[in-house]
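Adding 4 to a residue's 1-based position in the sequence shown gives its number in the working numbering. Take a look at the structure set out below.
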Amino acid sequence: MRLNPAYSYRPPPVEETVEEDPRAELVRRLQEYERFKKAAREIDALPRLERDRRVVRAAVEHRQVIKPPPLPELAEIVLALRHLLVRAELFDCYAIKREMLSVRQRMNELLDSLNHVGFSRFETLLNRNEGRQGVIVTFLAILELARDAQIVLLQENPIAPIYLKSQ
């Protein structure tokens, strides 16, 4: 018996399926991951405007800044005392009668003087006739008044003259 060739049974063609190794797919994915990771590192190494540099803008109002003069350093006050002592030696007078000077009395005199004048230079508060002892008593009186915040010592520059002002 012969079959009609049009109706003959032919088995479906067998596809040759080659099974891929699952490890190969995993290796391929890992290599792709490494490429993306390397590209990300290279991109991250590039400077970015938003990350590494920032554009800063500030709106500044027109203000008048009042800067108080700096307070004199202790070393400058001591240096001024040294200069005053040298100047006082030039006007050293040898008196037979010696009067005792009082720091408390000198403090009152300084406060009265500063209340009338308001602002006075350090050197002008010294009495040249009193010599070295007068300079020391006046200096101690100034320090006591400054400590009690009854006067303020002012100086514009590090080498500038020192001024006293009553509070």
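For every residue, glycine included, the Cβ atom is placed at its ideal position computed from N, Cα and C.
Quick check on residue i: buried or exposed, where buried means 16 or more other Cβ atoms within 10 Å of its Cβ?
{"i": "R151", "result": "exposed"}
{"i": "T109", "result": "Per the sequence presented here, residue 109 reads as Gln, with Thr not at that position. Exposed is the call here."}
{"i": "M5", "result": "Confidence is the limiting factor: at M5 the pLDDT is only 47, short of 50, which leaves the residue's position unreliable, though a coordinate-based value still follows. When all chains shown are included, M5 counts as exposed."}
{"i": "M104", "result": "exposed"}
{"i": "P76", "result": "buried"}
{"i": "R33", "result": "exposed"}
{"i": "V60", "result": "exposed"}
{"i": "F40", "result": "exposed"}
{"i": "A164", "result": "exposed"}
{"i": "I81", "result": "buried"}
{"i": "N119", "result": "exposed"}
{"i": "V141", "result": "buried"}
Nearest to residue i by CA position, among the options, is which residue?
{"i": "L129", "options": "N119, L114, L158", "result": "L114"}
{"i": "N112", "options": "P165, R39, L144, A79", "result": "L144"}
{"i": "V139", "options": "A153, H120, L88", "result": "L88"}
{"i": "P162", "options": "R132, L78, E38", "result": "L78"}
Quick one, are the C-beta atoms of residue i and residue j less than 8 angstroms apart?
{"i": "P73", "j": "E160", "result": "yes"}
{"i": "K169", "j": "F123", "result": "yes"}
{"i": "Q171", "j": "I155", "result": "yes"}
{"i": "A92", "j": "R125", "result": "no"}
{"i": "I166", "j": "A84", "result": "yes"}
{"i": "V107", "j": "E65", "result": "no"}
{"i": "R67", "j": "F95", "result": "no"}
Tell me, which residues are paired with residue i by DSSP?
{"i": "F123", "result": "K169"}
{"i": "I70", "result": "According to DSSP, which records beta bridges pairwise, I70 is partnered with nothing at all."}
{"i": "I155", "result": "S170"}
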